[in-house]
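Numbers 1 to 155, taken from the UniProt record's numbering, label the letters of the sequence shown in order. In what follows, a structure is listed as structure tokens, so that the remarks can point back to it.
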Amino acid sequence: MSKDRWADTRIERAAVLATERSIIEHTGFVTAQPATDHGIDLLVFKPEPFAVSPIQVKGAESGLKVMSKCARSPIILAYVVDPRGDDPLVSIMTGIDAWQLPLEYAREGGKASDYNPDGETYRWARVTTRLRGILELRRASEERWSQLFEEVGAK
1 MSKDRWADTR IERAAVLATE RSIIEHTGFV TAQPATDHGI DLLVFKPEPF
51 AVSPIQVKGA ESGLKVMSKC ARSPIILAYV VDPRGDDPLV SIMTGIDAWQ
101 LPLEYAREGG KASDYNPDGE TYRWARVTTR LRGILELRRA SEERWSQLFE
151 EVGAK
């Protein structure tokens with residue numbers, strides 16, 4: 001988190017709103033926000049038959065961070081690049097897939113030599129063209145939301 005907590009709050013809030021908009025545009029799912037922050041920013045569910053999936057949202061206006069803890073539980077990660085812009089990129093994946101991003105980035109020719117698979121976090125200082133391309137492959141769509149909801153959702 002930067003020194004300007006209000007800016008961070010606006011970025012994260014815009015990212016959550018962009019994610020909710022994506023869900024509304026692409027699915028028939030319903031969203032809810034937990035009253036207490038335990039690392040889950042949104043819950044997405046379908047009422048009949050009832051099923052729910054947790055979503056952690058990360059807004060990225062400069063750098064982007066992935067965390068190993070997200071790979072340890074069933075969760076959908078939504079990375080929102082340029083959340084306050086006119087056309088934010090909402091990229092969705094499992095926590096396991098998110099933690100594997102540095103490996104994919106390196107396979108695509110990017111530098112991630114300081115990535116430690118046994119570590120806690122990895123952070124790109126900025127969203128490079130290569131990283132944006134990788135995230136673009138996971139752009140939220142009706143198909144991706146449905147696939148991840150089925151993969152992660154509690155039934």
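A virtual CB, placed ideally from N, CA and C, is assigned to each residue, including glycine. Fair warning: this is a prediction, and the values are worked out from it, not measured in the lab.
Notebook entry, point to check: In angstroms, rounded to a whole number, what distance separates the CA positions of valine 44 and tyrosine 115?
Noted result: 31 angstroms
Margin query: Can you tell me where the beta strand (DSSP E) holding leucine 42 begins and where it ends?
Written below: 42 to 46
Notebook entry, point to check: DSSP state of serine 146, grouped into three classes?
Noted result: helix
Check: CA-CA distance, alanine 51 and serine 91?
Finding: 22 angstroms
Next item on the list: Can you give me the start and stop residues for the beta strand (DSSP E) that threonine 121 sits inside?
Entry: 121 to 124
Item checked: Spatial distance of glutamine 147 from isoleucine 76 (CA atoms) -> 11 angstroms
Check: What number of angstroms, rounded off, separates the C-alpha of histidine 26 from the C-alpha of glutamate 20?
Finding: 10 angstroms
Checklist line | C-beta contact flag for alanine 140 and serine 22 at 7 angstroms | finding: yes
Item checked: Nearest-angstrom Cβ-Cβ length linking isoleucine 11 and proline 83, presumed shorter than 8 angstroms -> 6 angstroms
Item checked: Exposed unless 16 or more other CB atoms sit within 10 angstroms - verdict on methionine 1 -> Confidence at methionine 1 is low in this model, with a pLDDT of 49, below 50, so its placement is unreliable and no value can be given for it.
Next item on the list: Would you kindly report the start and end of the unbroken beta strand (DSSP E) that includes residue 199?
Entry: No information on residue 199 is available, as it lies outside the stretch 1 to 155 that the chain covers here.
Next item on the list: Drop a sphere of 10 angstroms on the beta-carbon of valine 30, count the other beta-carbons inside from all chains shown, and report buried for 16 or more, exposed for fewer.
Entry: exposed
Note to self: Based on DSSP bridge pairs, tell me the residues matched to glycine 59.
What the structure shows: Val80
Next item on the list: Quick one: residues in its chain with C-beta nearer than 7 angstroms to the C-beta of glycine 39, no 5 flanking neighbours on either side, listed in chain order?
Entry: Gln56
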